[in-house]
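*Asks:* Using my numbering, the letters of the sequence shown correspond one by one to residues -12 to 165.
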Amino acid sequence: MSQPSYGPGQQPWGQPQQPWGQPAWGPPPTRPGSPLQVPLLVLGLVAGVLGLLGSFLPTFSFPGEVTYSPLSQGFGEGDSQFLAAGLALLAGVALLVAGALLTRPRPALGTGLLVLGAGLVADRGVGQLLTFLQALVTRGNVGTTAVGGVLLMLAGVVAVVVAVLGVLALTRLARPQR
């Protein structure tokens, strides 16, 4: 069998070759992503889940069945009070998860949202950790740290790592391609 011959300037599918200055056929060239995209995705989702759990579960418990979480304060007989300050933590968790999921299709936008959300979650988590360490040093703690507090401390530490890796990824994305 002989191969069919195409005239000069003809593509195998019978279409004329595109003239110079026209965009090439096929998918547009993409900018290579940062090698930190996968760790940012995983760590961002981990920090988001830990922060979400830490925002709803009690972080402190005091004698007399008084519990405190970023979103509510519970009193002895089932009474509770909503705390609006915890909404900032929920916004940080939402930004973390949205940024983590956007790091693949839109690296700069996703990483920026990830760093912003990590800052909000790290504020609460590292603050919780510092409060815990201060209570250990002063030995004047009348309350105990509950499971939500531990999760919030872990979320804060992971969020600090996410923020540092996110800033590194943004600097790599901002460099001109060679």
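Here a beta-carbon is modelled for each residue, glycine too, at the ideal position from N, C-alpha and C.
Computed from a predicted structure; not experimentally measured.
Do R91 and Q24 have their CB atoms nearer than 8 Å?
*Replies:* Yes, the Cβ-Cβ distance between R91 and Q24 is below 8 Å.
*Asks:* Whole angstroms are fine: how far does the CA of L27 sit from the CA of L155?
*Replies:* Answer to the nearest angstrom: the Cα atoms are 11 Å apart.
*Asks:* Which same chain residues end up closer than 8 Å to S67 when comparing Cβ atoms and leaving out the 5 residues on each side of it in sequence?
*Replies:* Contacts found: S59, Q60, G61.
*Asks:* Which of the three DSSP states is assigned to S59 in this structure?
*Replies:* S59: strand per DSSP, three-state reduction.
*Asks:* I need the DSSP call for T46, collapsed to helix, strand or coil.
*Replies:* It is coil, neither helix nor strand.
*Asks:* What is the DSSP secondary structure of T90, counted as helix, strand or coil?
*Replies:* Residue state, collapsed to three classes: coil.
*Asks:* Across which residues does DSSP place T158 in a beta bridge pair?
*Replies:* For T158, which the question treats as bridged, DSSP gives no partner whatsoever.
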